[in-house]
Amino acid sequence: MNTVIWWIRRDLRLFDNPTLQTALEQGAVVPLFIIDPQLYSSVSDRRRHFLLNGLKALDHDLRARGSLLILKNGPPEKILHKIFYASHAVNIYAEEDYTPYARQRDNKVAHSLPLKLVQGQLVHHPMTIRKPDGTPYTVFTPFSKTWKALLPAGLKTLPAPAEIPFPEIKLPSDPFPSAESDPGFPAGEQQALQRLQAFTAAPCAPALYEYASGRDRLDQEGTSGLSPYFHFGILSVRQAVAAARQASTAAAAPGQHAGAEVWINELIWREFYISILYYFPRVLRGNFRKQYDGIVWSNDQEHFQAWKQGETGYPIVDAAMRQLEMTGWMHNRARMITASFLVKDLLIDWRWGESWFLQNLLDADLAANNGGWQWTAGTGTDAAPYFRIFNPVLQSRKFDPQGDYIRRWLPELAHLPSKTIHTPWQTGSTVSGYPAPIVDHKAAREHTLHAFKTARNEQRRHNDRSI
DNA sequence: TTTTGAGTTGTTCGA
DNA sequence: GTCGAACAACTCAAA
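To convert, take the position in the first sequence, counting from 1, and add 5; that gives this note's numbering.
In structure tokens form, the structure reads like this:
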């Protein structure tokens with residue numbers, strides 16, 4: 006019987022795992038996770054703990070099937086060489102990862118070891134979603150049309166293997182570092198599957214069926230809360246799509262059907278931005294649209310500090326930033342509001358915000374995070390026009406009408422009535438312990454419109470000259 | 001090659 | 001209070 010290595014990176018799951026499936030077809034399997042200092046030294050404690058607890062849960066699930074997880078610390082290539090020869094393996098299987106770092110790392114490993122990559126992170130490989138002329142899409146809607154057209158009607162997902170044979174050798178694992186558990190995002194595949202089930206299971210599936218409008222409400226649990234699980238592959242996106250499709254078919258009302266489709270669209274957005282990063286890695290360095298390269302940012306350190314700490318004086322912005330600080334997660338609507346505020350009210354380079362989110366979000370995904378920030382800034386693919394600037398007060402009144410979200414994360418404002426909680430500066434007296442607005446929205450908006458317009462005009466003049 | 005229609009998530013202004 | 005237009009003309013996808 007042959008031995009192969011299942012090099013686990015971002016596929017911490019047994020259900021619907023084509024990489025594991027392929028490895029099992031070859032023989033006995035060594036499940037291996039390598040803690041790469043390059044990747045994990047800059048990660049927040051909360052995120053590291055979520056990953057470690059996910060690994061512990063995976064080890065537990067593997068042991069129930071006659072296997073176990075080998076954990077190693079160090080540079081992947083070096084570790085792989087050791088384990089490969091120590092276990093007399095014939096192949097290494099890994100789920101393909103599309104970030105520039107991952108691709109470079111895997112190319113290097115493949116030079117000296119038989120590394121086989123399997124597509125499992127996405128529903129469709131970036132190479133398969135392209136325009137008829139072979140070039141990549143840069144607009145979401147046609148991308149999503151092709152994505153949906155390629156989706157098989159009866160989307161089949163793989164069951165978890167009943168048995169996972171481990172080779173008859175001794176391979177020492179490094180000890181599992183201790184990690185605090187997170188009640189907001191309990192780690193492990195069982196937890197993820199339960200959450201998916203609760204979100205999509207017909208006939209109730211209230212959150213999914215109400216998703217078209219419910220996802221925008223900051224004061225309600227209208228979103229799936231699955232993003233951290235998707236990021237580490239604790240839950241398969243294919244499985245999520247299959248569940249949503251099933252719920253969509255079982256929907257009793259047209260509105261319910263729409264809710265499920267809107268959620269699937271969100272999953273497609275994720276693949277869209279992964280595809281954008283795959284074809285245009287330069288988006289990590291700067292604007293997708295170069296006509297905005299000349300924007301003169303304010304980049305005020307004190308303003309940036311206030312934004313990070315949730316002390317801007319705009320309750321909805323501050324509530325959201327505190328939610329991020331305290332939980333490692335932020336509601337999607339709140340991400341747009343805080344991002345718009347940083348870029349268009351404070352006129353701070355979107356890359357500063359991108360980096361803060363990347364450090365602090367449990368679900369931080371290089372591609373989706375970058376895509377989201379560039380969308381907000383108006384510099385990205387299919388982005389919001391630069392003159393579309395969120396008004397933090399209107400957004401607050403619209404998506405947190407009673408102010409419950411603000412009260413939850415800003416206890417110092419909890420005593421304010423719904424009418425004034427969105428604009429505490431209008432109460433006449435100062436609220437003790439809460440700052441006055443650090444900028445005036447109207448004035449900031451004018452300033453930003455001018456800065457963006459100037460950058461565009463400069464660019465245009467430059468282009469005219471060069472012709 | 002040229003032409004045509006469309007494009008995540010908003011806000012403000014004036015009728 | 002409600003509604004449509006303007007914001008700024010642009011780029012992309014597809015016929």
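Where is the CB? At the ideal position from N, CA and C, for every residue including glycine.
Query, Result
"Can you tell me whether DSSP reads G396 as helix, strand or coil?", "Residue identity check: residue 396 is Asn in the sequence provided, not Gly. If DSSP states are grouped into helix, strand and coil, N396 belongs with coil."
"How would you write the range of the beta strand (DSSP E) that I75 sits in, first residue to last?", "75-78"
"Going by the CB atoms, is the gap between G318 and A419 shorter than 8 Å?", "no"
"Hey, how far is the Cα of T428 from the Cα of P320?", "7 Å"
"Whose C-alpha, out of A165, L399, T453, is nearest the C-alpha of P390?", "T453"
"For P286, I'd like the list of residues in its chain whose CB is within less than 7 Å of its CB, leaving aside the five on either flank, ordered along the chain.", "P105"
"Which ranges would you report for the alpha helix (DSSP H) in the region 152-208 if only whole runs of at least 4 residues count?", "194-205"
"I'd like to check one pair, T162 with Y98: are the Cβ atoms closer than 8 Å?", "no"
"Below 8 Å on the Cβ atoms is my contact criterion, and I expect T332 with G189 to pass it. Report the Cβ-Cβ distance as a whole number of Å.", "5 Å"
"With a CB to CB cut of under 7 Å and the five nearest residues on each side skipped, what residues in its chain are close to W4?", "What is shown of the chain runs 6 to 472, which leaves residue 4 out entirely."
"Taking the alpha-carbon of Q196 as reference, which of H130, L17, Q261 has the nearest alpha-carbon?", "L17"
"Report buried or exposed for I472, applying the criterion of at least 16 other Cβ atoms within 10 angstroms of its Cβ.", "Because I472 carries a pLDDT of 44, less than 50, the predicted location of this residue cannot be relied on, and the following value inherits that uncertainty. It is exposed - the Cβ of I472 has fewer than 16 other Cβ atoms within 10 Å."
"Buried or exposed: M132, going by 16 or more other Cβ atoms within 10 Å of its Cβ?", "exposed"
"DSSP beta-bridge partners for R402?", "None, per the DSSP bridge assignment."
"Assuming A165 and I300 make a contact with CB atoms under 8 Å, what is their CB distance in whole Å?", "So it is not a contact: roughly 50 Å between Cβ atoms."
"Alpha helix (DSSP H) containing T24: first to last residue?", "23-31"
"Do S72 and P23 have their C-beta atoms closer together than 8 Å?", "no"
"Can you tell me whether I472 is helix, strand or coil according to DSSP?", "Reliability of the predicted coordinates at I472 is poor, the pLDDT of 44 falling under 50, and the value obtained from them is presented with this limitation in mind. I472: coil per DSSP, three-state reduction."
"In this structure, how does DSSP classify E359 when only helix, strand and coil are distinguished?", "helix"
"Roughly how many whole angstroms lie between the Cα atoms of A245 and F89?", "34 Å"
"Taking F309 as the reference, give the member of Y297, D298, V322 with the closest Cα.", "V322"
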